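Asker: Below you'll find the structure I mean.
Residue numbers (this note's numbering): 1 to 218.
Here it is in structure tokens:
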């Protein structure tokens, strides 16, 4: 695949770096069928089959210099290594040869059938994310293990989000995804439309989309 310029490569690298701040072992799903590359990363997902935690995914659309067809999931760190050398490669982005399997990447949001269900203000998202981050930090003991961290994060980020301007039930983790992935618009009160399609909900910001898959319909 070829990227159009160095700025696009840097934007993609920033997106992946933000994803790794949530999970150092983050995977990234790459989907293209034409001149647009969809780059998806997971911010929140169930730990087990019986876990009711919603799946929260951040999606960015990247313009390609040439049409491409791809659908694979790789380690974010491996893709970052290639982005670091992309200028030397003439803006050709070589895909990592090793793919990974992760449950969240097996879910594909629909391309059509979305219905608008109100909006969500960016300042509400920023406040909810910051409150949630503080709650997670306050609930964790010193030197917590992975299981403890996962339990605390799941409990806090699965809690209902206060979103009075939409009828959709959203988890607080959606606000966290908007914040940590840098999707929130700079204008504090800018409305971000909310859409639903079946069990999926989507918050669309200028910089990207947050997709939520729930075990029960929203």
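By construction, the Cβ of each residue, glycine as well, lies at the ideal position given by its N, Cα and C atoms. For clarity, every value in this text was computed on a predicted model and none was experimentally measured.
#1: Which residue marks the beginning of the beta strand (DSSP E) containing residue 133, and which one marks its end?
#2: Assign residue 168 to one of three DSSP states: helix, strand, or coil.
#3: Is the distance from the Cβ of residue 219 to the Cβ of residue 158 below 8 Å?
#4: What does the alpha-carbon distance come out to for the pair residue 96 and residue 152?
#5: Kindly list the residues whose CB is nearer than 6 Å to the CB of residue 70, restricted to its own chain and excluding five residues on each side of it in sequence; keep chain order.
#6: Do residue 19 and residue 41 have their beta-carbon atoms positioned less than 8 Å apart in this structure?
#7: Return yes when the Cβ of residue 83 is within less than 8 Å of the Cβ of residue 13, no when it is not.
#8: Once the 5 residues before and after residue 79 are set aside, which same chain residues still bring their CB inside 7 Å of it?
#9: From residue 102 to residue 46, what does the alpha carbon distance come to, in whole angstroms?
#10: Any chance the stretch 182-201 sits against the stretch 106-122, with 3 or more Cβ pairs inside 8 Å?
#11: Suppose the cutoff is 7 Å on Cβ atoms and the five residues either side in sequence are ignored; what does the same chain contact list for residue 150 look like?
#12: Taking only runs of the beta strand (DSSP E) that begin and end inside the stretch 3-83, which ones reach a length of at least 3 residues, in chain order?
#13: For residue 2, which option in 11, 91, 24, 58 has the closest C-alpha, if you only look at C-alpha atoms?
#14: Determine whether the beta carbon atoms of residue 185 and residue 206 lie at a separation below 8 Å.
#15: Hey, is residue 73 close to the ligand GDP, as in C-beta under 7 Å from one of its heavy atoms?
#16: Would you identify the three-state DSSP class for residue 183, choosing helix, strand or coil?
Answerer: According to the structure shown:
#1: Careful: residue 133 lies outside any beta strand (DSSP E), inside the alpha helix (DSSP H) at 122-139.
#2: In this structure, residue 168 counts as coil in the three-state DSSP scheme.
#3: Because the chain is modelled from 1 through 218, residue 219 falls outside the range shown and cannot be assessed.
#4: Using only the alpha carbons, I get a separation of about 33 Å.
#5: Setting aside the 5 residues that flank it on each side, residue 70 is surrounded in the same chain by 30, 32, each with a C-beta closer than 6 Å to its C-beta; the list follows chain order.
#6: Contact flag set, yes.
#7: Contact: yes.
#8: The answer, listed in chain order, is 16, 28, 96.
#9: Straight-line spacing of the CA atoms in residue 102 and residue 46 works out to 11 Å.
#10: Taking a contact to require three or more Cβ pairs closer than 8 Å, the stretch 182-201 and the stretch 106-122 qualify as touching.
#11: Here the set comprises 47.
#12: Within the stretch 3-83, the complete beta strand (DSSP E) runs of at least 3 residues are 27-44, 55-75.
#13: Answer by Cα proximity: 91.
#14: Closer than 8 Å, so yes.
#15: Because no ligand of any kind appears in the structure shown, any question about the ligand GDP cannot be addressed here.
#16: DSSP places residue 183 in the coil class of the three-state scheme, outside both helix and strand.
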